[in-house]
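Report on the following structure.
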Amino acid sequence: MKEYAPVKEGKVREIYDIGDSLILVATDRISCFDVILDNTVTKKGTVLTQMSRFWFDMTKDILPNHMLSTDVNDMPEFFRKPRFDGNSMLVRKLTMLPVECIVRGYITGSGWASYQKDGTVCGIRLPEGLRESDKLPEPIYTPSTKAEIGDHDENISYEQSIVHLEKLFPGKGEEYATALRDASIAMYKKCADYALSRGIIIADTKFEFGLDENGQLVIGDEMLTPDSSRFWPADEYEPGRSQSSFDKQFARDWLKANEGHNWKLPQEIVDKTIDKYLQAYEMLTGKRL
Ligand SMILES: Nc1ncnc2c1ncn2[C@@H]1O[C@H](COP(=O)(O)OP(=O)(O)O)[C@@H](O)[C@H]1O
Ligand SMILES: [Mg+2]
Numbered sequence: 571m572k573e574y575a576p577v578k579e580g581k582v583r584e585i586y587d588i589g590d591s592l593i594l595v596a597t598d599r600i601s602c603f604d605v606i607l608d609n610t611v612t613k614k615g616t617v618l619t620q621m622s623r624f625w626f627d628m629t630k631d632i633l634p635n636h637m638l639s640t641d642v643n644d645m646p647e648f649f650r651k652p653r654f655d656g657n658s659m660l661v662r663k664l665t666m667l668p669v670e671c672i673v674r675g676y677i678t679g680s681g682w683a684s685y686q687k688d689g690t691v692c693g694i695r696l697p698e699g700l701r702e703s704d705k706l707p708e709p710i711y712t713p714s715t716k717a718e719i720g721d722h723d724e725n726i727s728y729e730q731s732i733v734h735l736e737k738l739f740p741g742k743g744e745e746y747a748t749a750l751r752d753a754s755i756a757m758y759k760k761c762a763d764y765a766l767s768r769g770i771i772i773a774d775t776k777f778e779f780g781l782d783e784n785g786q787l788v789i790g791d792e793m794l795t796p797d798s799s800r801f802w803p804a805d806e807y808e809p810g811r812s813q814s815s816f817d818k819q820f821a822r823d824w825l826k827a828n829e830g831h832n833w834k835l836p837q838e839i840v841d842k843t844i845d846k847y848l849q850a851y852e853m854l855t856g857k858r859l
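Quick note on our numbering: the sequence shown kicks off at 571 and runs consecutively.
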């Protein structure tokens, strides 16, 4: 049996290169405040992978996606073991476009900080009088460039995204930048409307896209998971304050309240955390895992 080693290991995900395609594995690791905790959250990786799968299926009429299969029987033998079952996705290898395509439907986080300073978010002027967590009149597209490891991603304007892409793909910068913006907004709108009908607000999210062998734009990476997005429970939504995050709030709150935690959560908090992930999955898909 051929053995595989990850070509890349992130805080939470592992990537395997199997030739023409890749296998993206969401592990059960959890990171809080950018630190990997000394716990595993059983089934978390499966929830994330199955959520991406759900959104890829829902949006394939808007844009093709990279997903080929989440069945380990479609993967090399090495992957047919419990450790990969349910949490792995076989995907088409793409030439990634190095822009993080962020869409914000609500004002929060760094966007709220920026708005308080000068009334803009990533160079986009917003109406006066918005409160923290308010819904924006229309979702906005605020791209950023991917930083080298350790650095923070850098926000850029839509115009700068044209220049950035033009450098890498001469003659194509504007076409790609426009396509990224339009696809991002369309994906966000469709999915956020749906999620709201199921009781979840998707406040903002990040998409990544690439080109396939025919130069067709394809959405890649993970899609609309609690790791790439802010999910808020709609029934607790109240503008004028920060909202609790659906997934990691218990973990974050406990870490803040317990000094000397050494980045290890008690089992009770781990259990509550996975319950939240499962709840989000069930609300969105109407199915249990
Ligand atoms: N279909 C794909 N083809 C090639 N690269 C991909 C594909 N889908 C996602 N990627 C890339 O895989 C990587 C996933 O790594 P990740 O664990 O998110 O770490 P990071 O975001 O810090 O690079 C990203 O660089 C992403 O752009
Ligand atoms: Mg990433």
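Where a beta carbon is used, it is the ideal one built from N, C-alpha and C, also for glycine.
Per DSSP, cross-strand counterpart(s) of residue i
i: TYR711; result: VAL673
i: PRO668; result: For PRO668, which the question treats as bridged, DSSP gives no partner whatsoever.
i: TYR847; result: Paired residues: none, contrary to the question.
i: SER799; result: THR775
i: ASN725; result: SER714
i: LEU578; result: Checking the sequence shown, residue 578 turns out to be Lys, not Leu. DSSP lists ILE585 as partners of LYS578.
i: ALA596; result: ARG583
i: THR690; result: ARG695
i: LYS705; result: TYR676
i: ARG662; result: SER591
i: ILE770; result: PRO803
i: CYS602; result: VAL605
i: LEU781; result: THR665, LEU787
Contacts around residue i, its chain only, beta-carbon distance under 7 Å, and the 5 residues preceding and following it disregarded
i: ALA747; result: TYR728, SER731, ILE732, LEU735
i: VAL605; result: TRP833
i: LYS759; result: PRO709
i: PHE649; result: ILE593, VAL642, SER658
i: LEU664; result: HIS636, GLY780, LEU781, ASP782, VAL788, GLY790
i: VAL617; result: TYR847, LEU848, TYR851, LEU859
i: LEU700; result: ILE677, TYR685
i: SER591; result: LEU638, LEU660, VAL661, ARG662, LYS663
Backbone secondary structure at residue i - three-state DSSP
i: ASN828; result: coil
i: VAL788; result: strand
i: ARG871; result: The structure shown has nothing for residue 871, since the chain only spans 571 to 859.
i: ILE732; result: helix
i: ASP752; result: helix
i: ARG811; result: coil
i: THR612; result: coil
i: ILE632; result: coil
i: MET621; result: helix
i: LEU854; result: helix
i: GLY741; result: coil
i: GLY681; result: helix
i: MET637; result: strand
i: PRO836; result: coil
i: MET757; result: helix
Own chain, CB closer than 6 Å to residue i, minus 5 neighbours either side, in chain order
i: PRO634; result: VAL788
i: VAL840; result: ASN609, VAL611
i: GLY615; result: ALA596, THR597, ASP598, ASN657
i: GLY769; result: ALA804, MET853
i: GLU778; result: GLY790, ASP791
i: TRP802; result: ILE771, ALA773, GLN813
i: ARG822; result: CYS602
i: CYS692; result: THR712, ASN725
Inter-residue spacing [alpha-carbon to alpha-carbon] between residue i and residue j
i: ASP655; j: LYS857; result: 18 Å
i: MET645; j: GLN686; result: 49 Å
i: LEU835; j: ASP797; result: 19 Å
i: GLY780; j: HIS831; result: 40 Å
i: VAL642; j: LYS651; result: 8 Å
i: PRO697; j: TYR711; result: 16 Å
i: MET621; j: PHE820; result: 21 Å
i: TRP824; j: LYS716; result: 31 Å
i: THR640; j: ASP631; result: 20 Å
i: TYR847; j: MET853; result: 10 Å
i: ARG695; j: ALA575; result: 47 Å
i: ALA804; j: PRO740; result: 44 Å
i: ASN828; j: SER714; result: 34 Å
i: ASN725; j: THR855; result: 32 Å
i: GLU838; j: ILE844; result: 10 Å
i: LEU638; j: SER812; result: 38 Å
i: PHE626; j: LEU750; result: 16 Å
i: ARG800; j: ASN784; result: 33 Å
i: ALA683; j: GLY589; result: 44 Å
Neighbourhood of residue i by C-beta distance below 8 Å, restricted to the same chain and skipping five residues each side
i: SER601; result: LYS581, VAL582, LEU607
i: LYS572; result: PRO646, GLU647, PHE648
| Those residues, in chain order, that have a beta-carbon closer than 6 Å to some heavy atom of ligand 1 | LYS578, GLY580, ARG583, ILE585, LEU592, HIS636, VAL661, ARG662, LYS663, LEU664, MET666, GLU778, GLY780, GLY790, ASP791
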